[in-house]
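Numbering (my numbering), first residue to last: 59 to 874. C-beta atoms are modelled at their ideal positions from N, C-alpha and C, and glycine is treated no differently. Quick caveat, the model's predicted, so the values are computed rather than measured.
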Amino acid sequence: MSTPYNPETVELSAQKFWDEAKCFEVGEDADKEKYYCLTMFPYPSGKLHMGHVRVFTINDVIARYQRLQGKHVLQPMGWDAFGMPAENAAIQRGIPPAKWTYSNIDDMRRQFKRLGYGYDWTRELTTCKPEYYRWEQWLFTRMFKKGLVYRKNSIVNWDPVDQTVLANEQVIDGRGWRSDALVERREIPQWFMKITDYADELLQELDNLPGWPEPVKIMQRNWIGRSEGVELSFDVKGEDEPLTVYTTRPDTLMGVTYMAVAAEHPLASKAAASNPEIAAFVADCKKTDAQEATLETMEKKGMPLGISAIHPLSGEEVPLWVANFVLMSYGTGAIMAVPGHDARDWEFAKKHGLPIQQVIAPVDGSTFDTDEAPYLDHGVLVNSGQYDGLDFESAFNAIADFFESNGRGRRKVNYRLRDWGVSRQRYWGAPIPIIYCDDCDAVAVPEDQLPVVLPEDVEVKGTGSPLKDMPEFVNVPCPECGKAAKRETDTFDTFVESSWYFARYACPDSNDAMLDERAAYWAPVDQYTGGIEHAILHLLYSRFFQRVMRDEGLTDVSEPFTNLLTQGMVLKDGAKMSKAKGNVVDPQALIETYGADTVRLFMMFASPPEQSLEWSDEGVQGSYRFLKRFWTAVRDHAAGGPVGTIDTGAMTDEQKELRRKTHQTIAKISDDIGRRHSFNTAVAAAMELLNAINKLTDQSEAGRAVAREALDAVVIMLSPMVPHICHTLWQTLGHETALVDERWPEVDESALELDQVEVVVQVNGKLRGRVTVPVDVSKDALQAQALADANVQRFIDGKAIRKVIVVPGRLVNIVV
RNA sequence: GCCCGGGUGGCGGAAUCGGUAGACGCAACGGACUUAAAAUCCGUUAUCCGAAAGGGUGUGCGGGUUCAAGUCCCGCCCCGGGCACCA
Numbered sequence: 059m060s061t062p063y064n065p066e067t068v069e070l071s072a073q074k075f076w077d078e079a080k081c082f083e084v085g086e087d088a089d090k091e092k093y094y095c096l097t098m099f100p101y102p103s104g105k106l107h108m109g110h111v112r113v114f115t116i117n118d119v120i121a122r123y124q125r126l127q128g129k130h131v132l133q134p135m136g137w138d139a140f141g142m143p144a145e146n147a148a149i150q151r152g153i154p155p156a157k158w159t160y161s162n163i164d165d166m167r168r169q170f171k172r173l174g175y176g177y178d179w180t181r182e183l184t185t186c187k188p189e190y191y192r193w194e195q196w197l198f199t200r201m202f203k204k205g206l207v208y209r210k211n212s213i214v215n216w217d218p219v220d221q222t223v224l225a226n227e228q229v230i231d232g233r234g235w236r237s238d239a240l241v242e243r244r245e246i247p248q249w250f251m252k253i254t255d256y257a258d259e260l261l262q263e264l265d266n267l268p269g270w271p272e273p274v275k276i277m278q279r280n281w282i283g284r285s286e287g288v289e290l291s292f293d294v295k296g297e298d299e300p301l302t303v304y305t306t307r308p309d310t311l312m313g314v315t316y317m318a319v320a321a322e323h324p325l326a327s328k329a330a331a332s333n334p335e336i337a338a339f340v341a342d343c344k345k346t347d348a349q350e351a352t353l354e355t356m357e358k359k360g361m362p363l364g365i366s367a368i369h370p371l372s373g374e375e376v377p378l379w380v381a382n383f384v385l386m387s388y389g390t391g392a393i394m395a396v397p398g399h400d401a402r403d404w405e406f407a408k409k410h411g412l413p414i415q416q417v418i419a420p421v422d423g424s425t426f427d428t429d430e431a432p433y434l435d436h437g438v439l440v441n442s443g444q445y446d447g448l449d450f451e452s453a454f455n456a457i458a459d460f461f462e463s464n465g466r467g468r469r470k471v472n473y474r475l476r477d478w479g480v481s482r483q484r485y486w487g488a489p490i491p492i493i494y495c496d497d498c499d500a501v502a503v504p505e506d507q508l509p510v511v512l513p514e515d516v517e518v519k520g521t522g523s524p525l526k527d528m529p530e531f532v533n534v535p536c537p538e539c540g541k542a543a544k545r546e547t548d549t550f551d552t553f554v555e556s557s558w559y560f561a562r563y564a565c566p567d568s569n570d571a572m573l574d575e576r577a578a579y580w581a582p583v584d585q586y587t588g589g590i591e592h593a594i595l596h597l598l599y600s601r602f603f604q605r606v607m608r609d610e611g612l613t614d615v616s617e618p619f620t621n622l623l624t625q626g627m628v629l630k631d632g633a634k635m636s637k638a639k640g641n642v643v644d645p646q647a648l649i650e651t652y653g654a655d656t657v658r659l660f661m662m663f664a665s666p667p668e669q670s671l672e673w674s675d676e677g678v679q680g681s682y683r684f685l686k687r688f689w690t691a692v693r694d695h696a697a698g699g700p701v702g703t704i705d706t707g708a709m710t711d712e713q714k715e716l717r718r719k720t721h722q723t724i725a726k727i728s729d730d731i732g733r734r735h736s737f738n739t740a741v742a743a744a745m746e747l748l749n750a751i752n753k754l755t756d757q758s759e760a761g762r763a764v765a766r767e768a769l770d771a772v773v774i775m776l777s778p779m780v781p782h783i784c785h786t787l788w789q790t791l792g793h794e795t796a797l798v799d800e801r802w803p804e805v806d807e808s809a810l811e812l813d814q815v816e817v818v819v820q821v822n823g824k825l826r827g828r829v830t831v832p833v834d835v836s837k838d839a840l841q842a843q844a845l846a847d848a849n850v851q852r853f854i855d856g857k858a859i860r861k862v863i864v865v866p867g868r869l870v871n872i873v874v
């Protein structure tokens, strides 16, 4: 009678063993090949949800697999602890954000430990602690001195009722989430980091990241959005300053029939000052939130400003409009409109009765009516005077040369990427280390006065930062002149903390420097795992910060993450699980019922890691049932006593077959985990092998030896997914060593050899028969045997054979 | 609106380089064991025709390339993610 599988006992005892043996605490050992395996750290929102379990399990599987390959593996964990939810909780429950956050961290850490992840907890870091954020404050002051940060006005969502800045997430259908008031755009001064200084390098180096998924690289390329165009000036009647626009299509210049500026553009403001209708329109344009999706989908509205620009080639007047779809944050905040060859300009021209002028014709000489639709492709210039007949490239160069020679324009590389606004008008974040002095302007807090510590004992009301009401925080002497000055009360975007934490895990206790020599050992991260929703912002900011740290002399490494795995979302009812949507599934109950191994196994088995996973409670049972069968199979086998040795020269067909299956499975799972990250098929292959072991009837010593080899392999290969049960079963199989210190099994190529192979026979591509032939059969013999098949004969009978395709070892296709 | 994914049985998914569509599991159904239930074990299960052998259809929709298409190309539809202040 076998001991039944009790997950809780098994799991707690394995965890105790790992803890006491300090299995996952790693130092810097120069003799060993390091492998830094990292997960995007969690925001401590309260409890673990299924998305967490998925991503952390994926990474733990890779970490444990690499350790079994003999690598020196670091897998750390920490907390992305600043953020809005803590302020919301504080408003709702009256608990200070810090207290709420630390309590969540304690709960989540307990859950992590219960799931058996192989973390080095001695390196745990928490971003809301001054010993962490002091170093990003320090780096900011270094960037300030280098001119890599600057202050400028930029647009935020303004809630006119609560008198506060709203995050995009707090804007629901254009209204403030608490006040329900219509949100407005407002300009306030904010700090920016010059990520655009690195735009070219960030773009170029994507080509040297073979370990990144192609879609992520494409998204980053598009986000950076490098374009080659021309910046050119149009004189404006009655204005001293010309109006500058940027275009990637100078070849369409003669098709300009109007121009448009953003509502925030100085020319619009000037016109509004003397015309109440324009003033009303401009004010109306600002009555919308600042999200790009809103601006791009809203109805395109505009109004003539009553002034004209002078076309720089024709000298004709073109009307100047203000339009809501022109964005102040892109380019110069003004556009030249070519409705004949631009979709948006065309739509706007149709709506407002503006002329459409065709200046590009298809290369093949066909006609195209730009009155029916805009012609967007490159082509040949028409109606463009001296430029007629030129193709895109010659026209581009001719026009660019013309503008450069008369000093009215220049070739320019433009980026869609904008500088990173890091100011947040919120309390629960790292204070921006700046002091404003009437005489000295903005002054960086000197190094010896860092960190600027965020007071933790506060009351959050939801209308502006409580820091503003704390004179002891705000009122400080100017570090330069000593006069009374005021501290910045804005805090950093929380993306600042997550842009360098991966480097800090190497030396979380370093009090003398942001990074020390230990970082040189561990950097870069070998494997980074996290949600696809971070494909652009977090990953791009981290690549930027890594370079800023490099240029500050802190590291030699330019790219922070060598290999990237972007895991799909865990969806519930078709949408991302989030607190805001209230569709979060709590894994705790499942862990209590079935144990951590079952939950881990199900997560890995349910779908491939890169795809989204629609959560369903069913199916977990199946994983549990499998672990029970696994447990019983190993214990029953072990109860049979000692096994013989494998004599490859004297095996029965049944033994050979199981042994072949064992080594095929080792090859498959190694590839599935190591190269493909296809954990679901790895689990399926292990299940198949266990089914084959259970079917083995041969109870002889030789037969049991083959079964033992198979079971040893299954136990090791499943251990990355279900480490607890495997830890115990490894002992059950009589091994004295700890499974975590074992090595991955090797494929015995000779076990894979086959005598016969089944080949499919098709007639006109349809399956009509199968023939079994020796593996080394000649093409001719294979073809002859395929043609002889009775069912195949029925389909080719009386017809002329036109062609026969023979794919050795796979199929024969007879075309009649 | 723009950028990136995805769509295969009742369900999750497999098919890795253009070569047997549906591995593995869930659910369901039938059977064994049991006084009974649970658990466990054995079997069936894309769909239609057929007693069977076998055949027709079938990977979101419409076209195309190919001896051969879930896989490649063109045009759509639907779902998910991102769009710079959610993290």
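Close Cβ partners of residue i (< 8 Å) along its chain, the five nearest in sequence each way excluded
i, result
"Met59", "Reliability fails at Met59, whose pLDDT of 42 lies under 50, so the model's placement of it is uncertain and the value that follows must be treated cautiously. There are no such residues."
"Phe170", "Leu106, Phe114, Met135, Tyr177"
"Cys539", "Cys495, Asp497, Cys498"
From the options, residue whose alpha carbon lies closest to that of residue i
i, options, result
"Met779", "Arg608, Asp449, Ser736, Leu659", "Leu659"
"Arg10", "Gly389, Asp178, Met142", "Given a span of 59 to 874 for the chain in the structure shown, any question on residue 10 remains unanswerable."
"Val421", "Ile414, Asp446, Asp400", "Asp446"
"Arg687", "Glu591, Lys105, Ile751", "Ile751"
"Asp363", "Phe339, Glu357, Asp89", "Per the sequence shown, the amino acid found at residue 363 is Leu instead of Asp. Checking every option, the nearest Cα to that of Leu363 belongs to Phe339."
"Gln133", "Ile246, Ile872, Phe99, Glu145", "Phe99"
"Val84", "Leu206, Tyr177, Gly520", "Tyr177"
"Met317", "Asn333, Leu290, Ala330, Pro334", "Leu290"
"Gln843", "Val819, Ala257, Lys408, Pro370", "Val819"
"Asp265", "Gln278, Ile253, Thr254, Asp255", "Gln278"
"Phe75", "Gly856, Val874, Asp799, Gln814", "Asp799"
"Ile116", "Lys358, Glu430, His735, Gly465", "His735"
"Asp87", "Gln841, His130, Val628", "His130"
"Asp427", "Asp449, Ser442, Trp404", "Trp404"
"Arg466", "Trp235, Leu371, Val534", "Leu371"
"Ile863", "Asp570, Lys837, Ala121", "Lys837"
"Met312", "Leu448, Met661, Thr690", "Leu448"
Nonlocal neighbours in the same chain, by C-beta distance under 7 Å from residue i, ignoring five residues either side
i, result
"Val516", "Pro154, Tyr485, Pro524"
"Glu242", "Trp216, Pro218, Lys344, Lys345"
"Phe531", "Pro513, Leu525, Arg545"
Cβ-Cβ distance between residue i and residue j below 8 Å
i, j, result
"Glu546", "Ile594", "no"
"Tyr579", "Lys92", "yes"
"Phe2", "Thr790", "Because the chain in this structure spans residues 59 to 874, residue 2 falls outside the shown range and cannot be described."
"Trp379", "Met356", "no"
"Asp847", "Gly823", "no"
"Pro489", "Pro537", "no"
"Lys857", "Val874", "yes"
"Ala348", "Val214", "yes"
Cut-off 6 Å between Cβ atoms - residues of its own chain near residue i, not counting five sequence neighbours on either side
i, result
"Pro566", "Arg181, Leu183"
Curious, which full-length alpha helix (DSSP H) runs of at least 4 residues does the stretch 218 to 264 contain? 257 to 262
Quick check: the stretch 184 to 193 against the stretch 554 to 565, are there 3 or more CB pairs under 8 Å? yes
Does the stretch 601 to 609 come within contact of the stretch 285 to 292, defined as at least 3 CB pairs closer than 8 Å? no
Three or more beta-carbon pairs under 8 Å between the stretch 107 to 115 and the stretch 147 to 164, yes or no? no
Write down every uninterrupted run of the beta strand (DSSP E) in the stretch 94 to 132 whose length is 3 residues or greater and which is fully enclosed by it, in chain order. 130 to 132
Hey, is the stretch 751 to 763 in contact with the stretch 708 to 717, meaning 3+ C-beta pairs nearer than 8 Å? Yes, the stretch 751 to 763 touches the stretch 708 to 717.
Validate contact between the stretch 780 to 797 and the stretch 63 to 79 using beta carbons, cut 8 Å, 3 pairs: Taking a cut-off of 8 Å for Cβ pairs, the stretch 780 to 797 and the stretch 63 to 79 touch, as three or more such pairs fall below it.
Using 8 Å as the threshold, is the stretch 196 to 215 in touch with the stretch 501 to 509, meaning 3 or more CB pairs across them? The stretch 196 to 215 makes contact with the stretch 501 to 509; the number of CB pairs closer than 8 Å reaches 3 or more.
List, from N- to C-terminal side, the beta strand (DSSP E) runs of 3 residues or more that fit wholly inside the stretch 507 to 555. 533 to 535, 542 to 545
Entirely enclosed beta strand (DSSP E) segments - the stretch 450 to 510, minimum 3 residues: 467 to 472, 492 to 495, 499 to 502
With three or more beta-carbon pairs closer than 8 Å as the criterion, would you say the stretch 202 to 217 touches the stretch 245 to 257? A contact exists between the stretch 202 to 217 and the stretch 245 to 257.
Which residue spans inside the stretch 565 to 603 form an unbroken beta strand (DSSP E) run of at least 3? Counting only runs that start and end inside the stretch 565 to 603, the beta strand (DSSP E) elements of at least 3 residues fall at 583 to 589.
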